[in-house]
Amino acid sequence: MSSPLLQDKVVIVTGAGRGIGRGIALMAAAHGAKLVVNDLGGAEDGSGSDASPADEVVSEIKKAGGDAVASYASVTDWDAAHSIVETAVGYFGRIDAVVNNAGNLRDAIFHKMTEDDFDAVINVHLKGTFNVSRAAATHFRAQTSGCFVNMTSTSGLIGNFGQANYAAAKLGIVGLSKSMALDMGRFRVRSNCIAPFAWSRLIGTIPTNTEEEKARVAKIQQMTPDKIAPLAVALISDAAQDVSGQIFGVRNNEIFLFNQSRPIRFAHTAEGWTPDSVLSRVIPAFQSDFFPLERSGDVFSWDPM
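The numbering used here numbers the first residue of the sequence shown as 937 and each following residue consecutively.
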C-alpha cells in the first residue's frame, strides 16, 4: 500500500478553526500531514478572540488518529506570525507548507469606507500572508524545499461591489505569491493561489428576501468549504512539485485556472505620443478590447456544478 499523499509533512493552516481553513486542515491530516491549526478565533470583522475553534479542530484531528497542535497567534503581528512557524518547528521539528487562509471582512461602499475598515482587512489578508510566509521562508531556504498556498478571491481578480479593501488585499496576495514563487524557486520552494467559492460565515449575510434569492443561496450553500481542500492538499504534495506561480479557482466541483495579466494590444509611433494623439489614435484602437466593469457574478453567471 502506498504512503499517504502528505505523509509526515508539517503544514501550517491559518484561519483553520472554521470554514475553508478547517476543511483543508482536516483533509491534510487525513492524508498524513501533521498540522499547526492557527486561528485567533475572531469574529467576521476580525475583532475579538476565542481559542475554542482551533482547539476543536485539533481535537478532531487527534480523535481520527492524526497529530496537530493549536496556535492562537495573530497573523497581523510580525512576532506573533513568527511564533506560528516556531510552533511547527518546535513541536514537529520542521515546516513543509503554509496555507495562508486567515481572513476577515469589513465591507463598505468605497466612498463610505473608513481607514480602519481598509487597514483591518489589508492587515489580516495581505500583511498576514507576508508575515507568516516570511517567517517560513527562512526554514524553506535552509532545507531547500517548501510550499505556499495563498487564498485570493475573484473580488480582486474580477471585481465586486463594496469590497475595495478586500479586493486590494486579495489582488495584492496574487502579486506577493508570484514574487515568492520567483524569488524562492531556486530553493525548490513553490507558491500558488486559490480563489475559493464557498459558503462560509464570511458570506453568510447574502439576502434571501425573494424566492429567487433563496434558490440562489441554496445553490451557493452546496459549495461547502471542504470542496476547496482537495486542490490545496494536491498543491502541497510532492506530486505537484512542478506547479508554481499559478492562480486556481474552485467552485463546488469545478476547478479553474485563471489567466494572468499580459499585454493584449500594441500601439507605436516614431514621433512620440502627445495627449491628443493618444486620444485620437490609441484609445479608439484599443476600445474594442477594453474590459467591462464586471463583478465576479457576471463572469461566473452559471450555477455551480
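Using N, Cα and C, we set each Cβ at its ideal position, and we do this for glycine too.
Quick caveat, the model's predicted, so the values are computed rather than measured.
Take the Cβ of GLN1157 as the centre, count every other Cβ of all protein chains shown within 10 Å, and call the residue buried at 16 or more, exposed below.
On the sequence shown, position 221 is the one that residue 1157 refers to. So GLN1157 ends up on the exposed side.
Within its chain, find whatever has a CB closer than 6 Å to the CB of PHE1133; leave out the 5 residues flanking it on each side and keep chain order.
For the purposes of this step, residue 1133 is taken as the residue at position 197 of the sequence shown. MET1159 and ARG1187, listed in sequence order.
In whole angstroms, give me the CA-to-CA distance for LEU1107 and PHE1123.
In the sequence shown, counting from the first residue as 1, residue 1107 sits at position 171. In the sequence shown, counting from the first residue as 1, residue 1123 sits at position 187. Between LEU1107 and PHE1123, the C-alpha separation is close to 25 Å.
Would you say ASP981 and ARG1070 are within 9 Å of each other, going by their C-beta atoms?
For the purposes of this step, residue 981 is identified with residue 45 of the sequence shown, where counting begins at 1. For the purposes of this step, residue 1070 is identified with residue 134 of the sequence shown, where counting begins at 1. Going by C-beta atoms, ASP981 is not nearer than 9 Å to ARG1070.
Return helix, strand or coil for LEU971, following the three-state DSSP convention.
In the sequence shown, counting from the first residue as 1, residue 971 sits at position 35. Strand.
Taking buried to mean at least 16 other C-beta atoms within 10 Å of its own C-beta, is PRO1228 buried or exposed?
Residue mapping note: residue 1228 aligns to position 292 of the sequence shown, counting from 1. With fewer than 16 Cβ atoms within 10 Å of its Cβ, PRO1228 is classed as exposed.
Taking all protein chains shown into account, decide if ILE956 is buried (16 or more other Cβ within 10 angstroms of its Cβ) or exposed.
Along the sequence shown, read from residue 1 onward, the residue named residue 956 stands at position 20. With 16 or more Cβ atoms within 10 Å of its Cβ, ILE956 is classed as buried.
Closer than 6 Å by C-beta to ARG954: which residues in its own chain qualify, once you throw out the five before and the five after it? Chain order, please.
Sequence index remark: in the sequence shown, residue 954 carries index 18 (1-based). Result list for ARG954: PRO989, in chain order.
Should ILE1200 go down as buried or exposed, given a rule of 16 or more other Cβ atoms within 10 Å for buried?
As a position in the sequence shown, residue 1200 is number 264, starting the count at 1. Answer is exposed; the Cβ neighbour count stays below 16.
I'd like to know if SER1019 contacts chain B, where contact means its C-beta is closer than 9 Å to some C-beta of that chain.
Annotation note: the requested chain B is absent from the structure, which comprises a single protein chain.
Can GLN1177 and LEU1193 be called in contact, C-beta distance under 9 Å?
For the purposes of this step, residue 1177 is identified with residue 241 of the sequence shown, where counting begins at 1. For the purposes of this step, residue 1193 is identified with residue 257 of the sequence shown, where counting begins at 1. No, Cβ-Cβ distance for GLN1177 and LEU1193 is not below 9 Å.
Is DSSP giving GLN1099 helix, strand or coil here?
Numbered from its first residue, the sequence shown carries residue 1099 at position 163. Note: GLN1099 maps to strand in three-state DSSP.
Go to GLY1309, then tell me how far its beta strand (DSSP E) extends in each direction, as first and last residue.
This structure gives no information on residue 1309, because the portion of the chain shown stretches from 937 to 1241.
Run through DSSP, which three-state label would LEU1229 get?
Your numbering for residue 1229 matches position 293 in the sequence shown. Coil, per DSSP.
Any idea which residues DSSP pairs LEU1242 with across the strands?
As shown, the chain starts at 937 and ends at 1241. That puts residue 1242 outside it, with no answer to give.
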